[in-house]
Amino acid sequence: MRKEKKEKDSAKIKALAQFQEHSADQVLTTNQGLRLNDDQNSLKAGERGPSLLEDFHLREKITHFDHERIPERVVHARGSAAHGFFQVYESMAPYTKASFLHDPTVRTPVFVRFSTVVGSRGSSDLARDVRGFAVKFYTQEGNFDLVGNNIPVFFIQDAVKFPDLVHAVKPEPHHEMPQAASAHDTFWDFISLMPESMHMIMWVMSDRAIPRSYRMMEGFGVHTFRFVNEKGKSRFVKFHWKPLLGIHSIVWDEAQKISGLDPDFHRRDLWEAIENGDFPEWELGVQLVDEKDEHAFDFDLLDPTKIIPEELVPVKRIGKLTLNRNPENFFAETEQVAFHPGHLVSGIDFSNDPLLQGRLFSYTDTQLIRLGGPNFHEIPINRPVAPVHNNQRDGHMRQTINQGRVSYQPNSLGGGCPLQAKADMGGFVSYAERMEGSKVRARSEKFFDHFSQAALFWNSQSHPEKAHIVQALRFELGKVEVPAIRERMVFLLAQVDKTLAGMVAQGLGISVPSKVAGPINQSVPADSPTNRFQPKQRTPTLERSPALSMANTMKEGIATRKVAILAADGVDDTAIMGMKKSLVAAGAQAKVVAPRLGTVKGIKGGQVAIDFSFLTAGSVLFDALYLPGGEQSVDILAGDAKAMLFIKEAYLHCKPIAATDEGMDLLAAAQLGVDKTAKSHAEGVVQDPASLLAGDEGIVTGRGAQIGQVARTFIKAMAQHRHWARESKGQMPA
Ligand code: HDD
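The working numbering puts the first residue of the sequence shown at 10, with every later residue one more than the last.
Right under this line is the structure:
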């Protein structure tokens with residue numbers, strides 16, 4: 010597909026070169042359609058004279074340019090998006106009226122925008138941050154937006170605290186630093202005073218916040234919603250997106266380096282995968298809870314800082330999302346798309362989650378300023394495919410030319426149109442939930458258990474995942490300048506887990522305080538919600554939730570992974586060809602990296618084309634590394650500091666490495682301390698005893714081995730993504 014596009018582009022360029030006759034649709038015009046014969050010179054009084062005010066072309070062009078920017082989103086400013094479709098596996102009619110979830114033959118078009126939350130539009134994709142995962146379904150019954158994140162919980166329980174959260178995490182207002190980072194005083198000051206954020210903090214400090222790719226992360230609707238069926242029966246529902254490529258992350262040291270080498274890493278990855286025809290896919294999962302079980306859990310279903318563990322309510326996979334088309338124009342589509350958790354279709358309804366309720370106000374309001382008025386639904390990317398009839402009129406940038414003189418209801422002059430939907434026409438009816446209660450600013454009692462699920466998350470992580478959380482907290486709090494903030498944070502961490510708090514405290518050179526003086530938040534009364542919290546449950550319903558650990562998620566296949574092959578003149582070109590063939594057959598990409606661009610001479614006489622030089626690529630841009638043999642090539646690379654750094658970093662970031670023949674000497678030259686006698690203990694990595702040396706896990710080596718055999722073992726090692734056991738050697742700069 011990519012090749013076709015490139016060929017098409019070159020054909021276009023050729024055609025342009027030969028373009029002598031002006032065909033009408035190619036000629037430059039003003040916005041009024043007037044053809045222009047000179048776009049190189051402004052209109053002047055004489056060749057050396059001043060420019061003239063009457064130059065309408067100059068004025069129009071410059072004015073338009075001056076107004077090209079619109080305010081970026083106040084959060085989620087940096088995003089990347091793609092078109093695709095959603096298809097349900099089997100009818101969900103027993104649960105919901107939503108007709109796009111009924112017919113497995115129907116493909117509902119979607120537009121999906123992924124984002125980071127904190128950074129500006131031009132910031133790096135690699136920030137430690139939550140990722141937005143917003144899906145617009147263009148259903149026949151109107152647009153449904155599932156505006157979620159890649160983390161299933163949120164920092165705060167009530168929308169009234171959202172502006173505070175965002176002010177705290179954004180660059181500090183006096184000097185606008187740091188960009189796209191939570192590692193600073195104001196964020197941790199706020200968090201250390203908001204114990205309800207502790208569950209979310211565990212997720213954000215985990216590797217989930219530095220995904221390998223948008224295509225390899227989960228998505229969550231976060232809030233509890235409702236499904237309502239034709240008979241009016243309601244069930245609570247939580248939405249999940251499960252990536253078919255598995256869930257994978259990178260390490261923090263890599264994230265920081267990628268930010269330098271390619272701050273568009275995730276954007277490029279999504280774009281290229283779609284251009285290559287490797288269409289990203291997710292399954293939509295739902296957790297359904299009967300109304301009668303609303304209070305059956307030891308947490309409140311309305312509390313957005315809690316999950317329903319998958320072990321308690323399994324995730325039913327009901328359909329598949331496929332992204333298969335890149336946007337034509339970033340501004341018109343990715344920038345102008347307007348999501349709203351209040352864009353619903355019949356059969357889906359809200360719960361009373363106080364965070365969700367507040368969001369329902371915020372999203373329309375923000376588009377009014379961002380997109381300039383109330384007609385943003387008419388921008389092509391936001392237009393529903395379902396017909397729109399109502400009496401809303403006029404306003405900035407109105408596109409529709411409404412006909413007739415009737416713009417009110419009831420009317421007789423317009424035949425009563427637009428008519429209200431009759432019962433059998435699928436009109437939206439809000440779920441008639443029975444409500445009673447006093448008008449209060451309050452939360453239910455279960456909302457105050459802030460630590461039990463934070464502890465559940467911590468307890469469910471593998472050792473490497475725990476180590477990464479500790480390192481992340483040490484990094485983030487290490488950037489905090491005010492000691493009291495660090496102490497409060499360590500105190501809160503101790504409420505989650507004493508070992509966790511102890512390890513973080515040790516990295517910060519402090520001890521874990523047994524209590525903090527006075528209430529947590531002294532700027533509000535001691536009995537205010539921010540000061541109320543329950544100790545974590547002593548006998549939790551679940552000790553562990555294996556579904557929360559990325560270590561337990563799918564590790565099959567290596568589709569779309571990127572492998573770097575290091576080469577210089579005299580490289581074993583046959584080995585490269587053999588390895589490439591096997592990797593490509595397994596769906597991966599193999600790229601040759603060398604000291605310079607162009608080609609290198611192979612030992613068997615072939616010319617090997619180079620994809621990147623050490624100047625334009627680093628090992629952090631790849632998932633795995635292959636070092637082929639060839640004495641001369643290995644000598645050159647062993648003397649090249651950049652090549653050595655490449656190998657060292659791939660090793661330190663726990664990536665699979667294969668080396669054959671003299672390539673093994675190159676590996677040795679990098680002095681990684683690879684233990685050649687140790688047996689591989691990585692699950693699923695089967696070293697071939699016939700010809701391969703079983704070294705450090707994830708290191709696949711072979712002298713005189715058949716390349717296909719090496720490749721097979723290498724592919725198994727790659728399916729694991731990373732080989733964390735190396736970290737225990739203390740060499741890992743995570
Ligand atoms: Fe939000 C954007 C997700 C809480 C107010 N939010 C935005 C986007 C995502 C989310 C993915 C980007 C959409 C896009 O790509 O255009 N937001 C969430 C999730 C939340 C959440 C999962 C909690 C569960 N948000 C939240 C609250 C408020 C907002 C509590 C305000 C009360 N969010 C906004 C916003 C944004 C936004 C200011 C900025 C740009 C936009 O809406 O269109 O209105």
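For glycine and all other residues, C-beta sits at the position ideal for the given N, C-alpha and C.
Does any heavy atom of ligand 1 sit closer than 6 angstroms to the C-beta of residue 353? no
Any non-hydrogen atom of ligand 1 within 6 angstroms of residue 348 CB: yes
Would you say the segment 367–380 touches the segment 168–185, given that touching needs at least three Cβ pairs under 8 angstroms? yes
Under a three-way DSSP split, which group does residue 719 fall into? Three-state DSSP puts residue 719 in a helix.
Rounded to whole angstroms, what is the Cα-Cα separation between residue 482 and residue 510? 10 angstroms
Thinking C-beta only, is residue 297 closer than 7 angstroms to residue 260? no
Excluding the 5 residues flanking residue 393 on each side, which residues of the same chain have their C-beta closer than 7 angstroms to its C-beta? 147, 151 and 152
Quick one, which of 211, 346 and 286 has its alpha-carbon nearest residue 331's? The shortest CA-to-CA distance from residue 331 to any of 211, 346 and 286 is the one to 286.
Tell me the DSSP secondary structure of residue 658 in three-state form. helix
Taking Cβ positions, are residue 159 and residue 228 nearer each other than 7 angstroms? yes
I'd like to check one pair, residue 603 with residue 576: are the Cβ atoms closer than 7 angstroms? Closer than 7 angstroms, so yes.
What did DSSP end up calling residue 143 once you bin it into helix, strand or coil? strand
Have a look at 333, 303, 77 and 244 and flag the residue whose alpha-carbon is nearest the alpha-carbon of residue 116. 333
Three-state secondary structure (DSSP) at residue 224? helix
Simplified DSSP state of residue 79, which is helix, strand or coil: coil
What did DSSP end up calling residue 728 once you bin it into helix, strand or coil? helix
Enumerate, from N- to C-terminal direction, the unbroken beta strand (DSSP E) stretches of 3 or more residues contained entirely within the segment 588–675. 598–603, 608–610, 616–618, 633–636 and 666–669
Please tell me whether residue 341 and residue 391 are closer than 7 angstroms, where the distance is taken between their beta carbons. Not a contact, by the Cβ cut-off of 7 angstroms.
Any non-hydrogen atom of ligand 1 within 6 angstroms of residue 541 CB: no
With DSSP as the reference, please indicate the residues paired to residue 291 in a beta bridge. 252 and 330
Output the residue ranges of the beta strand (DSSP E) runs that lie fully inside the segment 508–541 and measure 3 residues or longer, sorted by chain position. none
Measuring alpha carbon to alpha carbon, tell me which residue in 532, 210 and 268 is nearest residue 189. 268
Can you find at least 3 beta carbon pairs, one from the segment 652–668 and one from the segment 616–629, that sit closer than 8 angstroms? yes
Distance check for residue 137 and residue 730, CA to CA, integer angstroms please. Distance between the alpha carbons of residue 730 and residue 137: 20 angstroms.
When you measure from the CB of residue 372 to every non-hydrogen atom of ligand 1, does any distance come out below 6 angstroms? yes
Nearest-angstrom Cα separation, counted from residue 411 out to residue 225: 45 angstroms
Indicate whether the contact test is met: 3 or more Cβ pairs, each with one atom in the segment 273–282 and one in the segment 207–223, closer than 8 angstroms. Look at the beta carbons and you see the segment 273–282 touching the segment 207–223: at least three pairs across the two are nearer than 8 angstroms.
Cβ neighbours of residue 665 in the same chain (closer than 6 angstroms, five flanking residues each side left out): 633, 707, 726 and 727
With residue 573 as the anchor, note down where its beta strand (DSSP E) starts and where it stops. 571–575
The beta strand (DSSP E) enclosing residue 357, as first and last residue numbers: 357–359
Rounded C-alpha distance that separates residue 86 from residue 345: 11 angstroms
Roughly how many angstroms lie between the CA atoms of residue 611 and residue 660, to the nearest whole one? 26 angstroms
Short of 7 angstroms in beta carbon distance, which residues of its chain neighbour residue 456, apart from the five on each side in sequence? Order them along the chain. 166, 309 and 312
Beta-carbon spacing of residue 378, residue 198 below 7 angstroms: no
Which same chain residues, not among the five before or five after residue 67, have their C-beta less than 8 angstroms away from its C-beta? 51, 52 and 60
Residues of its chain near residue 18, where Cβ-Cβ distance is below 8 angstroms and the 5 sequence neighbours each way are ignored: none
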